[in-house]
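Using numbering that gives the first Met the number 0, the letters of the first sequence map in sequence onto residues 0 to 230.
Where a beta carbon is used, it is the ideal one built from N, C-alpha and C, also for glycine.
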Amino acid sequence: MIAPVPDLWSVHARLARCYGAQTKWWPGRENPFEVIAGAILTQRTTWTNAGRAIRRLREAGVLTVDAMAALDVDELAELIRPSGFYRAKAGALKAFCDLLGRSFGGDLRRLLRLPTEALRAQLLTVRGIGDETADAILVYAAERPSFVIDAYARRLLGRLGIADPNDSYRSLQGRFMDALPREAELYADAHALIVRHGQLHCRAEPMCAGCPLRDVCASCAATSHVEGTKA
DNA sequence: AACCAGGAATGTA
DNA sequence: TACATTCATGGT
């Protein structure tokens with residue numbers, strides 16, 4: 000029995016029904032600079048570790064553009080150590096502050112007012128900010144509809160038979176953006192749902208028992224005999 | 001005690 | 001374009 004290939008809109012609906020709306024998923028979303036710092040600090044690490052780094056920055060009083068711009072990179076690196084890759088991430092944070100100072104008078108709001116594609120391009124000039132981080136910033140700090148593709152999203156597309164996980168970032172992003180209305184809050188919710196679902200079921204080592212996408216997931220179908228659920 | 005987690009940059013062919 | 005390597009901490 001071949002699982003039918005679902006459309007992404009119905010997948011989102013099913014994840015939303017299963018896990019509920021994820022409106023408060025990104026920590027500290029009220030503060031754009033904190034979102035940007037978080038987007039960099041959470042690269043290839045858990046939010047537990049990124050959260051520690053954020054907390055240390057706040058406690059040191061350097062979770063603002065001006066304070067961070069004035070801080071020595073090595074001290075910054077030391078503060079964010081718990082998030083891993085701390086030298087690279089300190090460099091990225093500083094590079095972002097430099098961009099603000101150099102081109103936007105140190106005013107984050109001015110940067111965030113740029114048209115979406117121009118803003119994305121500016122973010123990508125920062126060493127340490129790539130496609131995923133740029134889109135996370137666009138969605139969660141600038142409230143623009145630019146779909147975030149992460150390891151979970153790639154995996155999901157692959158297991159649903161919608162796309163090859165190794166396809167280019169932009170290509171995979173297009174799959175979502177062609178299927179879902181281009182609304183920032185929807186994309187914020189959808190990305191959060193994908194992560195949530197990924198952490199529960201769609202990992203490198205899948206945990207298919209109770210997966211809400213069972214009937215359309217190749218990985219789940221392959222493990223159905225283990226569950227004893229005979230179609 | 002190996003293995004993994006919500007990436008990105010760089011180098012090579 | 002495709003693939004390997006490097007960066008690093010913390011939880012299981």
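### Query
So, R154 versus C96, is the Cβ gap smaller than 9 Å?
no
### Message
Three Cβ pairs or more, each shorter than 8 Å: is that satisfied between the stretch 116 to 130 and the stretch 8 to 24?
### Response
no
#### Entry: Segments of 4+ residues assigned as alpha helix (DSSP H) that fall wholly inside the stretch 37 to 106
46 to 58, 64 to 69, 72 to 78 and 85 to 103
### Query
Does the stretch 78 to 86 touch the stretch 101 to 114, meaning 3 or more C-beta pairs lie closer than 8 Å?
no
### Query
Roughly how far, in whole angstroms, is the beta-carbon of A2 from the beta-carbon of V215, given that I think they are within contact range, below 8 Å?
5 Å
#### Entry: Which listed residue (L92, P114, R181 and T44) has its alpha carbon closest to that of L62
L92
### Query
Just checking my contact of F146 with D134 at CB under 8 Å: how many whole Å lie between their CB atoms?
7 Å
### Query
Can you list, in chain order, the residues of its chain whose CB lies under 8 Å from that of M206, leaving out five sequence neighbours each side?
L199 and H200
#### Entry: Limits of the unbroken alpha helix (DSSP H) element including M176
Y168 to A178
#### Entry: Cutoff 6 Å; reference V194; Cβ partners in own chain excluding five residues on either side
Y151
### Query
Just checking my contact of K88 with I136 at CB under 8 Å: how many whole Å lie between their CB atoms?
About 14 Å; that fails the 8 Å criterion.
### Message
Less than 9 Å between the beta carbons of P144 and A183, yes or no?
### Response
yes
### C-alpha distance - A220 paired with P5, whole-angstrom precision
14 Å
### Message
Among the candidates W8, S170, D71 and V64, whose CA atom is the shortest distance from the CA of I148?
### Response
S170
### Query
Mind checking G60: buried by the 16 CB within 10 Å criterion, or exposed?
exposed
#### Entry: Closest residue to V10 among W24, S218, A217 and L212 (Cα-Cα distance)
L212
### Message
Mapping the DSSP letters down to three states, classify R213 as helix, strand or coil.
### Response
helix
### Query
For G27 versus I53, is the C-beta spacing smaller than 9 Å?
yes
### Task
State yes or no: is the C-beta of A141 within less than 9 Å of the C-beta of P31?
yes
### Query
Below 9 Å between beta carbons: does that hold for D130 and Y168?
yes
### Query
Between the C-alpha atoms of D188 and R112, what's the straight-line distance to the nearest angstrom?
22 Å
### Query
Which value, in whole angstroms, describes the spacing of the CA atoms of L78 and I35?
16 Å
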